[in-house]
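Chemist: Protein chains in written order, with our numbering: chain A, 1 to 315; chain B, 1001 to 1315; chain C, 2001 to 2315; chain D, 3001 to 3315; chain E, 4001 to 4315; chain F, 5001 to 5315.
Protein chains: 6
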Amino acid sequence: MRYIKDLTEGSRIGDIYLIKQRTAAVTKNGKNYLNVILQDKTGTIDAKVWDPNSAGIDDFDVKDYVEIVGDVSSFNGALQVSVKRARLAHEGEYDPSDYLPVSEKDIETMYKELLEIIDRTTNTYLKSLLQAFFVDDTDFIARFKFSSAAKMVHHAFVGGLLEHTLSVTKNCIFFAAQYPALDRDLLVTAAICHDIGKTKEISPYPDNDYTDEGGLLGHIVMGSEMVSEKIRGIEGFPAVLENELKHCILAHHGEFEFGSPKKPALIEAVALNFADDLDAKMETFTELLNKSQNPKDWQGFSKLLDSNVRGTRLE
Amino acid sequence: MRYIKDLTEGSRIGDIYLIKQRTAAVTKNGKNYLNVILQDKTGTIDAKVWDPNSAGIDDFDVKDYVEIVGDVSSFNGALQVSVKRARLAHEGEYDPSDYLPVSEKDIETMYKELLEIIDRTTNTYLKSLLQAFFVDDTDFIARFKFSSAAKMVHHAFVGGLLEHTLSVTKNCIFFAAQYPALDRDLLVTAAICHDIGKTKEISPYPDNDYTDEGGLLGHIVMGSEMVSEKIRGIEGFPAVLENELKHCILAHHGEFEFGSPKKPALIEAVALNFADDLDAKMETFTELLNKSQNPKDWQGFSKLLDSNVRGTRLE
Amino acid sequence: MRYIKDLTEGSRIGDIYLIKQRTAAVTKNGKNYLNVILQDKTGTIDAKVWDPNSAGIDDFDVKDYVEIVGDVSSFNGALQVSVKRARLAHEGEYDPSDYLPVSEKDIETMYKELLEIIDRTTNTYLKSLLQAFFVDDTDFIARFKFSSAAKMVHHAFVGGLLEHTLSVTKNCIFFAAQYPALDRDLLVTAAICHDIGKTKEISPYPDNDYTDEGGLLGHIVMGSEMVSEKIRGIEGFPAVLENELKHCILAHHGEFEFGSPKKPALIEAVALNFADDLDAKMETFTELLNKSQNPKDWQGFSKLLDSNVRGTRLE
Amino acid sequence: MRYIKDLTEGSRIGDIYLIKQRTAAVTKNGKNYLNVILQDKTGTIDAKVWDPNSAGIDDFDVKDYVEIVGDVSSFNGALQVSVKRARLAHEGEYDPSDYLPVSEKDIETMYKELLEIIDRTTNTYLKSLLQAFFVDDTDFIARFKFSSAAKMVHHAFVGGLLEHTLSVTKNCIFFAAQYPALDRDLLVTAAICHDIGKTKEISPYPDNDYTDEGGLLGHIVMGSEMVSEKIRGIEGFPAVLENELKHCILAHHGEFEFGSPKKPALIEAVALNFADDLDAKMETFTELLNKSQNPKDWQGFSKLLDSNVRGTRLE
Amino acid sequence: MRYIKDLTEGSRIGDIYLIKQRTAAVTKNGKNYLNVILQDKTGTIDAKVWDPNSAGIDDFDVKDYVEIVGDVSSFNGALQVSVKRARLAHEGEYDPSDYLPVSEKDIETMYKELLEIIDRTTNTYLKSLLQAFFVDDTDFIARFKFSSAAKMVHHAFVGGLLEHTLSVTKNCIFFAAQYPALDRDLLVTAAICHDIGKTKEISPYPDNDYTDEGGLLGHIVMGSEMVSEKIRGIEGFPAVLENELKHCILAHHGEFEFGSPKKPALIEAVALNFADDLDAKMETFTELLNKSQNPKDWQGFSKLLDSNVRGTRLE
Amino acid sequence: MRYIKDLTEGSRIGDIYLIKQRTAAVTKNGKNYLNVILQDKTGTIDAKVWDPNSAGIDDFDVKDYVEIVGDVSSFNGALQVSVKRARLAHEGEYDPSDYLPVSEKDIETMYKELLEIIDRTTNTYLKSLLQAFFVDDTDFIARFKFSSAAKMVHHAFVGGLLEHTLSVTKNCIFFAAQYPALDRDLLVTAAICHDIGKTKEISPYPDNDYTDEGGLLGHIVMGSEMVSEKIRGIEGFPAVLENELKHCILAHHGEFEFGSPKKPALIEAVALNFADDLDAKMETFTELLNKSQNPKDWQGFSKLLDSNVRGTRLE
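(1) Starting from residue 2235 (chain C), follow the alpha helix (DSSP H) in both directions and report where the run begins and ends.
(2) Would you tell me roughly how many angstroms separate the C-alpha atoms of residue 2258 (chain C) and residue 2218 (chain C), rounded to the nearest one?
(3) Identify every residue that forms a DSSP beta bridge with residue 1092 (chain B).
(4) Can you tell me whether residue 5090 (chain F) is buried or exposed? The criterion is at least 16 other CB atoms within 10 Å of its CB, across all chains shown.
(5) State buried or exposed for residue 2227 (chain C), treating a residue as buried only when at least 16 other CB atoms are found within 10 Å of its CB.
(6) Considering only DSSP beta bridges, list what residue 220 (chain A) is partnered with.
(7) Going along chain A, which residues have a C-beta under 7 Å from residue 1084 (chain B)?
(8) Please classify residue 2266 (chain C) as buried or exposed, where buried requires at least 16 other C-beta atoms within 10 Å of its C-beta.
(9) Name the residue from E:4041, E:4112, E:4148 whose alpha carbon lies nearest to the alpha carbon of residue 4203 (chain E).
(10) Give, in chain order, every residue of the stretch 3212 to 3244 of chain D whose Cβ lies closer than 8 Å to some Cβ of chain B.
(11) What's the gap between the Cα of residue 5079 (chain F) and the Cα of residue 1033 (chain B)?
(12) For the beta strand (DSSP E) containing residue 3039 (chain D), name the first residue and the last one.
(13) Any beta-carbon of chain A closer than 7 Å to the one on residue 1204 (chain B)?
(14) Quick check on residue 4182 (chain E): does DSSP put it in helix, strand or coil?
(15) If we ignore side chains and look at the alpha-carbon of each, how far apart do residue 1132 (chain B) and residue 287 (chain A) end up?
(16) State yes or no: is the beta carbon of residue 1179 (chain B) nearer than 7 Å to at least one beta carbon in chain C?
(17) Going by DSSP, what residues sit across from residue 5043 (chain F) in a beta bridge?
(18) Applying a beta-carbon distance threshold of less than 7 Å, which residues of chain D neighbour residue 1035 (chain B)?
(19) Using a beta-carbon distance below 7 Å, is residue 2298 (chain C) in contact with chain A?
(20) If you drop the 5 nearest sequence neighbours on each side, which residues of the same chain put their C-beta closer than 8 Å to that of residue 113 (chain A)?
(21) I'd like to check one pair, residue 4252 (chain E) with residue 4194 (chain E): are the Cβ atoms closer than 7 Å?
(22) Out of A:164, A:53, A:38, which one is the CA nearest neighbour of residue 47 (chain A)?
(23) Just to confirm, is the Cβ distance from residue 4179 (chain E) to residue 3282 (chain D) under 7 Å?
(24) Please state whether DSSP places residue 1021 (chain B) in a helix, a strand or coil.
(25) In chain order, what residues of the stretch 3247 to 3259 of chain D put their CB closer than 7 Å to some CB of chain C?
(26) If I measure Cβ to Cβ from residue 4121 (chain E) and keep anything under 7 Å in the same chain, skipping five residues before and after, which residues do I get?
(27) What separation, rounded to the nearest whole angstrom, lies between the Cα atoms of residue 3058 (chain D) and residue 3008 (chain D)?
(28) Quick check on the DSSP output: what are the complete beta strand (DSSP E) runs of length 3 or more inside the stretch 5268 to 5315 of chain F, in order along the chain?
(29) Using only alpha-carbon positions, find the residue among A:71, A:264, A:146, A:107 that is nearest to residue 199 (chain A).
(30) Please list the terminal residues of the continuous beta strand (DSSP E) segment that includes residue 4004 (chain E).
(31) Taking the DSSP output, what are the residues bridged to residue 4087 (chain E)?
Below, the structure written as structure tokens:
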């Protein structure tokens, strides 16, 4: 497909785009028309449907994928599409990842890596639990792979939740090797499950916004309850182990003020909090520098990092 | 029964007491004996079993209720019981409330009052939920009536959880009448359920200490999950209503720093937080003055009330 | 009268309006004219006096009530009044409550309710004090009834101080019934007097802004001193009672950071703090939802409630 | 007189002491006697009255000054007085400053210095106010000179309030010379009056404890109201000036958390806060080093100074 | 020279200005021209060079001082210079203080005052240190005199660092006289050196922005290290004295949260913190009132003073 | 040697011990003797020198290593040594690590590991700096190996600084592999140097207490200045690189409140803060559980971990 960032004045397009916005308007002469914003992963462009009710203009709505035929012109210094035809596209005709911010890493590769880690878990109860989520529950798996890890801050892209989870899990595997007091199985399981509540807290793309349930309960409590539910299906899962695992999830933000209802009481909960926070900070810093035009200059105050920051020069 | 605070030197006792502590010891001559602490709601007294293995001395353990026959003597200025016979008592022979701090209000009367409030709930789903806990679940009812509302601070006595819950609920009924924006049914249901997690967070008397599960998860999250479980048994319970109710429970401490994973987002959650906090503060202040010998003098700094306090004089 | 929100292009008006703003201006041709903003409780409208010194144009100033005769036209998409005649109105010709935001409850009814509560006070000193303010001091009564409870946040309308005071007082009456440790007379008196300093801290409508004295001293200290002054006129008022009452007023914000110079040391001061804070929060939440077009959607972050909030759905 | 710190075993005493404590007791043989603690400014000593009702033993109470005749013996390694005769002393027979911690500076000299500063005030209203307190109000003057500036922290001695006030005032005189934006008269008047409420907040020596009124209202609000009262007697005192002066007093602790109901809004209030805080910190540090045996070593953590501290060595 | 604030439409200018900004642009007709902003201490004005490469237009850059010949016209309601000729000026042709905000006090006079204070230091090591900076190190002296004390807040003008340093030092001299526990020499030396790191933390005018080193290390640590370096050149400088002096510098912000790595542990460090903070607050308040058109009205909330403020009226 | 914990009543000893305390005393009969406390790494024991001036009793002092010949007896239920002979031991006769708490890991092995990491550094300037400290500066190396990482909290044993430094460095090596935005050389160098200031902040064992310099300046600033000094000896060391390295050291505590004068502004500084804090928390938690008799029970509140904690059960 031709991406929006590559469109030029005078060209004609005939591709599928995501509808980001759609509002009815009236010209000075009293004629109805539509203001539309088309989106793909490279950006957005304004479009006008001057004859909304004509043949060839399907009815469509925000978040629909629509095949647009139209001409690109320039208006007030910005490009604009005059829509000639518009047809609702069917699932399968398009690849959503062309229309949304998406992880730079391959989602399936990361998922496979996660499965291998699950496979190396030795505690049978914890392994069963992880498989119940990541091997058996296809709905969950689909949501998990597609979800971002946040609405706006870090890992705010398709695959972001998986990428963040995998990275936190790798940190935990290293920590378990470095600090013998840590139980590897408990820590790794907690790492893999720590943000599963986000599959319900944040709506799928292109929305990627807080759900009503997410706003009322939050991913920490929702994740803990998802673990409870899955464990109900695993015979003999020890109660203490269940509580320890749920504790790690509840405490993974480390501080009350960040929404954890419990402070870390187990050494694995302390380690998970570090692994999660480190990954969030590293990704936030990296995304900030990647977006900057002069990353080696001072970037001003970053609220997330709570400091003035700049990229390292190493001159 | 004769209460411990009324025992006198030279008398003989023959009543049932709760065993608070039991440790084996050896006299200077190498003879085995037992150090025991007997308890009732008026206090404790040391006791010695000089001949632990003789006939007439049943085996008993901490938290058992035991009929003690023995003589009261004075040793080093304190009274002491020399145990002649000891027999494990059966449930029914004694009334636990004679041995434990207990609400000054009648537990059954308070429970009946709570049932009447439940009966007046008009929303059928919420009413079903309340009945599932407080009418149908006899195990839960027994634990709820017997539980304290805290390990140490306010309402730390048998029936304390019921007394506190009823009082918070009455506050909420008044608030709902006073402020029309409040939904009475949701608020009253949330009030009745707000501390049900404490039946699992705190072990039953005479222990009255944090359980392991309580230490790891906390009554806020446990209460929310108990609601989820009960709702699973109520056909058609609306998802939004479930989330709103659970939100009120999760947010009832009002602030992250007090262990709520969510700040109150619904007006009923705000009101519940006030009703709960007010009752805790009023009871704390009242207990403090009741315990004081000179309640109208300055009592020094109260950590719970975060202030120097004194009883009102109104001279 | 015809309210500003109902004016239409091409109509002629002849009603009394409040002058919100008045500035002299000069046309491009060098002719003097006046820019005026007219206000009533439904909104504001721009007006022009093209011939300021002509007969029929009285001299008037900001905050005056002025009968305006003029024509409504449209300019740059907004309505505008061309003023033909303007005459200063006399008190009595207009009802100030038509020009200002005003309580939805009837002020005289609320005042009567307050007097009945005062009448039920049994402590003669406290009753005398309340009567000295609310029965005998006609200036105070007039200011109290007319005042808002705040510049902007909650109860920011004529009668707001009375409405808030009455509501806090009712909360306190309920608390005193619910918690026997509370002294009803002291608590009710403190509730009625807790915000009397606002009659001096905030200037009367249409200003409704902080006075200079208010900015320097604050309503908490001013209210305490107003109580001192009135008590000087009551023979035999006990010193301890005076101090306890003033303490309740000084401590009613509950925390140093909210401007209370003392933390609540008496149980009545604790209860008053709850009654006041609860009423403020309930009204804030209610006003927020009333103003919202979609109250059952998430409303974003409310600084006053320190949380994301939404109206309850109860689906 | 012979000071308590100089008493030795075997000597006989015949001097006036302050009675710090007095409790009735019974010997093992059933005989009544009195336990008494004698105090002077150098320390305390236990005393026994073995024959309380005998001739020569006047009735006396705590805080009385009593002439004691008795013998000093050693008991359990500590000195003790066996009282033979005890006679209530009259005012005039003793100098209270021999019995209490007292400023090292001469009180009358400091008072004179303060009067000279008052004399140099040019604003007639402020000068009248200062004279109304420090020249005309003999009761106030007596209390002010005798009062400490605190129960325990810094300047906790007779004359401490005067010494602290004078020192803060001198700081302010310097600041007014250094920073032209400061109004000298307002600042100096505020400095002299800033702690006058302490004459009522803290009871006179030998008590030197918070009064009930002090605990309920605090010296900040009490001082502001004392100023209001005095101003009522000064014809024509401008209202704005009164408010500005009272604001300086109310805001002199600088922060809400230190009990100021207003943050400094005038530049004089900012300066007064510095002058007061500086004097408190300098005196606290100096007293701490004076009490230390090794002032040039690290003294551990000082809660008041919120730091580990040591005396300067300057080697 | 004719200052920018005095330029009028239609006049011709021929003076030296500082180039604040310079950007190349293209007219609609495709012709190159330059957008320039000229600056002096009274303000800025837009200028256009329509023929950048013509004879008479030297090449110049931002921060250059350039003699501009041109005509002042009005465009869109603002004045604008059309540049006819532009010539780089040489040092000596202009006085930088005409182009930059500058202290109202004479820099050389203040410097002389500082030297006199240094001269009165009696400790030979400290005096040597001060002379090494302020007498012998001409580069340092030049930077110190020219530097501001801040990028934006108080004393943000040429000579500001010297003015602030002198004022803090005078405060300290007074404190040392007032409080005998203070060592005058140590305190005065610390006062003079407390902000020397700012000569490296902030770049010279017209930049007056944080340097890279300043952003990474901060003036507190840089100043401490500058002292270490100078002391290396003074034989026999006692180690303890060096540490005490450096401690005063490190602790002069008083609180960790203001960037001090140590809390004040010496009484001189406490005093220096007051002297510095007082001067900053007095100057901030004074600058705020000086800039205000109605200084005696309420000025709104000042973030630096953390309060609503107004000028004193003293009516 | 025979360790103190293995001494028994009635035995004779003849080994070298460290003198922890020494005080002169007098018997009831007026005879001089010495109270001494002997220490080795297993504990302490009281000793008496009844005849201090006799032949065979060398003069010795606190922190000396002394060969003691004496008899072990029992007094008041505790063992005690009656010293017959005492001889100052020479360095070489004893191994200090027998007398002090010491790392469980071999110090030389850890040091070798550190050297290998240094060897793998590719930036020549950073490598030179690390070698200047850890290869060339034998005094520094000796102090570094022998030092603890803290007075009391975690790693408070000989070799603790090395063990902590190595562990933090390994964390950083992993982070650099995991997060490509991190510069490995800068991060590893900062990790190795982050606590070098502790060699001066804490006095060597057996003291292991804060030095005077440490109390005044702190290891963060001291470490930064030690780096400055070493860099002065490395020709061509880039200024920006020096500042970036010193920034990482200054910011490694992450927050102002923990004594860092700068918040982390570089991504390497963020990572170092995590690596350091993680190691401290893991070691604190591990030491806490190692010291506990029932590590799987709740351990109560840990101030360092700011939470109630327990060992993981994994039942």
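From the three backbone atoms N, C-alpha and C, an ideal C-beta is built for every residue, glycine too.
Modeler: Looking at the atomic coordinates:
(1) Residue 2235 (chain C) -> no alpha helix (DSSP H), and no H or E assigned at all.
(2) 11 Å
(3) According to DSSP, which records beta bridges pairwise, residue 1092 (chain B) is partnered with nothing at all.
(4) Exposure of residue 5090 (chain F) is indicated by the presence of fewer than 16 other C-beta atoms within 10 angstroms of its C-beta.
(5) Burial call: buried.
(6) Its beta-bridge partners do not exist; DSSP assigns none.
(7) Chain A residues near residue 1084 (chain B): none, gap ~43 Å exceeds 7 Å.
(8) buried
(9) E:4148
(10) 3212, 3215
(11) 29 Å
(12) 3032 to 3040
(13) no
(14) coil
(15) 51 Å
(16) yes
(17) Its beta-bridge partners are F:5040.
(18) The contacting residues do not exist; residue 1035 (chain B) stays about 31 Å from chain D at best.
(19) Yes - at least one Cβ of chain A is within 7 Å of the one on residue 2298 (chain C).
(20) 166
(21) yes
(22) Measuring from the Cα of residue 47 (chain A), the nearest candidate turns out to be A:38.
(23) The Cβ atoms of residue 4179 (chain E) and residue 3282 (chain D) sit closer than 7 Å to each other.
(24) strand
(25) 3247, 3250, 3256, 3257, 3259
(26) Taken in chain order, the residues that qualify are 4127, 4130, 4185, 4188, 4189.
(27) 25 Å
(28) 5298 to 5302, 5307 to 5310
(29) A:146
(30) Neither: residue 4004 (chain E) is in no beta strand (DSSP E) and is coded neither H nor E.
(31) E:4067
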